[in-house]
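Read the structure below first, then the notes.
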Amino acid sequence: MIKTEDIIKMASYFTIIAHSPGRLRVRVNPKITKEASNITLDDIQNLPNKINGIKEIKINKIIASVTILYNPDIFSPKLWEDLIKSENLDELTVLINNLAKEVI
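Going by this note's numbering, the sequence shown wraps up at 135, each residue one higher than the last.
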């Protein structure tokens, strides 16, 4: 299971390629594999099942990118940009924890 701290840590390896409300595409630094060894691709792709507002996550291993489709009414585009820049993390942590689905 991915914790909020893990999401914030992972985001530090992302740089924005393209962002429009509802769709964020990021480049992933290959060094993430050293830091996130306890997180699998399945964990990342299953985030939509665990957090309301995230619709889908597409991973392209060949070009090291991740596309996140999200509900901009729940996650404002600015929050995503803050996450990538490691800004306003307290607000993001509260939001993610509030949106976390009960997983049985």
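The beta carbon of each residue, even a glycine, is placed where N, CA and C say it ideally should be. All values derive from a computational prediction rather than experimental measurement.
Using a C-beta cut-off of 8 angstroms, the stretch 90-100 makes contact with the stretch 48-63, since at least three inter-stretch Cβ pairs fall below that distance. If you look at T35, you'll find it in the alpha helix (DSSP H) that goes T35 to A42. For N102, no alpha helix (DSSP H) encloses it, and the DSSP letter there is neither H nor E. Taking each of E87, N60 and N83 in turn and checking the Cα distance to D73, the smallest one comes out for E87. In the DSSP assignment, no residue is bridged to T71.
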